[in-house]
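Each remark here refers to the structure printed beneath this line.
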Amino acid sequence: MKSKSRSFLMRKIALHAALTPLAILWLFPLWMMFVFSTMPDHGIFSPEIVLWPSTDFAANFYNLQADTNFVRAMFISIIVAVIYTVLSVMLTSMAGWALARYRFAGRSLVIAIILGTITLPFAVVVIPQFIMVAREFKLANTWVALIVPPLFNSLGVLFMRQAFSMMPTELFDAARVEGVKEWRIFLHIALPLARPTMAALAIILFLASWNNYLWPLMINSRPNMMTAPVALGTLIGLTKVSWGGIMAGAVLLTAPVLVVFIFLQRHFIAGISAGAVK
């Protein structure tokens, strides 16, 4: 037993020794982003290599706020990302449940169409989607236009379908024998079992909404409806680029994503690895 524990300890030390440099290499760009956010514009392009923060973060943030009203843009991005994530997870969960547990005519065709939509780049559908939302429905510069069009996520549907397909059928059959309604089976049995997968999907969808730039740029023309990525893009002008403000905004944009991942990382890892074991 002592030899086994000693060998396990040695393997653990060797694993950490190998992964620590990789972790530092991954974190180094984030650290440099934070360092640049504390420097003036001329200091960012200085030939000197600076690895420690300076004292100009407050000035950069003040310029960022004065140019873009970034606090409001962050508030809009948070609202859009949270509502989008909650609604999209519920919608994809219901679609995944139907495709995994119910047999109906055209089921295979629906799955094939969903698989096919994954291969379509967003650039193919963005113009028809813009025409439909802005001209036909007249929803430009609204919250609905920001949240609703991207709600249905094909990858999320297939992700949740796989999670529900792996659950034992006998569990749901036993609930039906006891007289439990279908909606209660879905809400009180299936969804709690799929919590790790839903958490992983929520992180993916939140990140996708948080970083979405093209669609909010197209569908909104009012400054008071800009999301944070679009607000950062306005700092790049024809004759002037506020690099310090961009770096400060990038730090503020990165922080919520790191917080979400830290709180949901266990569920995220469990949800991603769930498909490997059946």
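Under this note's numbering, the final residue of the sequence shown carries the number 285; numbering is consecutive throughout. Positions of the beta carbon are idealized from the N, C-alpha and C atoms, including for glycine.
Using only CA atoms, which one of the options lies nearest to residue i?
{"i": "Met232", "options": "Met46, Phe77, Ala21, Asn70", "result": "Phe77"}
{"i": "Met40", "options": "Ala30, Leu29, Pro60", "result": "Pro60"}
{"i": "Phe64", "options": "Ala255, Ala207, Ala182", "result": "Ala255"}
{"i": "Leu239", "options": "Trp222, Ala257, Pro223", "result": "Ala257"}
{"i": "Leu58", "options": "Val264, Phe43, Pro28", "result": "Phe43"}
{"i": "Arg79", "options": "Met101, Leu32, Leu259, Ile269", "result": "Leu259"}
{"i": "Thr261", "options": "Ala181, Trp38, Leu221", "result": "Trp38"}
{"i": "Leu94", "options": "Leu165, Leu265, Val151", "result": "Val151"}
{"i": "Ile125", "options": "Ile31, Phe166, Met173", "result": "Phe166"}
Just how far apart, CA to CA, sit residue i and residue j?
{"i": "Val234", "j": "Gly50", "result": "Before going on, a small fix: residue 234 reads as Thr here, not Val. Looking at the two C-alpha atoms, the distance is approximately 28 Å."}
{"i": "Pro203", "j": "Leu71", "result": "38 Å"}
{"i": "Lys285", "j": "Ala207", "result": "Per-residue confidence for Lys285 stands at a pLDDT of 44, beneath the threshold of 50, marking its modelled position as unreliable; the derived number appears in the next sentence. Near 18 Å, if we compare the C-alpha coordinates of Ala207 and Lys285."}
{"i": "Ala119", "j": "Lys247", "result": "49 Å"}
{"i": "Arg273", "j": "Arg183", "result": "32 Å"}
{"i": "Ala283", "j": "Leu198", "result": "Any reading at Ala283 is ruled out, since the residue's pLDDT is 46, under 50, leaving its predicted position unreliable."}
{"i": "Leu127", "j": "Ser161", "result": "11 Å"}
{"i": "Leu122", "j": "Leu116", "result": "10 Å"}
{"i": "Phe35", "j": "Leu22", "result": "20 Å"}
{"i": "Trp250", "j": "Trp33", "result": "22 Å"}
{"i": "Val96", "j": "Ser14", "result": "43 Å"}
{"i": "Met81", "j": "Ala73", "result": "14 Å"}
{"i": "Ile85", "j": "Gly252", "result": "20 Å"}
{"i": "Phe137", "j": "Asp180", "result": "44 Å"}
{"i": "Met46", "j": "Pro54", "result": "14 Å"}
{"i": "Leu16", "j": "Val140", "result": "59 Å"}
{"i": "Tyr69", "j": "Thr75", "result": "10 Å"}
{"i": "Ala102", "j": "Leu29", "result": "39 Å"}
{"i": "Val87", "j": "Ser12", "result": "50 Å"}
{"i": "Tyr91", "j": "Ala209", "result": "10 Å"}
Which of the three DSSP states, helix, strand or coil, is assigned to residue i?
{"i": "Val155", "result": "coil"}
{"i": "Ile85", "result": "helix"}
{"i": "Val187", "result": "coil"}
{"i": "Ile243", "result": "strand"}
{"i": "Val57", "result": "coil"}
{"i": "Lys285", "result": "For Lys285, the pLDDT reaches just 44, beneath the cut-off of 50, and the residue's location in the model is therefore unreliable, although a value from the coordinates is still provided. In this structure, Lys285 counts as coil in the three-state DSSP scheme."}
For the alpha helix (DSSP H) holding residue i, just list the boundary residues, first then last.
{"i": "Pro223", "result": "221 to 226"}
{"i": "Val131", "result": "129 to 137"}
{"i": "Val140", "result": "Run containing Val140: none; DSSP gives neither H nor E here."}
{"i": "Ile210", "result": "202 to 217"}
{"i": "Tyr109", "result": "Segment: none, Tyr109 is in no alpha helix (DSSP H) and carries neither H nor E."}
{"i": "Asp48", "result": "48 to 51"}
{"i": "Met167", "result": "161 to 172"}
{"i": "Val117", "result": "114 to 125"}
{"i": "Asn76", "result": "Asn76 -> no alpha helix (DSSP H), and no H or E assigned at all."}
- Do the stretch 101 to 117 and the stretch 219 to 231 make contact, defined as three or more Cβ pairs closer than 8 Å? The count of Cβ pairs closer than 8 Å, one atom from the stretch 101 to 117 and one from the stretch 219 to 231, stays below three, leaving the stretches out of contact.
- Does the stretch 142 to 153 come close enough to the stretch 180 to 189 to have 3 or more Cβ pairs within less than 8 Å? Judged by pairs of C-beta atoms under 8 Å, the stretch 142 to 153 does not touch the stretch 180 to 189, as fewer than three such pairs exist.
- Inspect the CB distances between the stretch 209 to 220 and the stretch 155 to 167 and report whether three or more fall short of 8 Å. By the Cβ test, the stretch 209 to 220 is in contact with the stretch 155 to 167, since at least three Cβ pairs between them sit closer than 8 Å.
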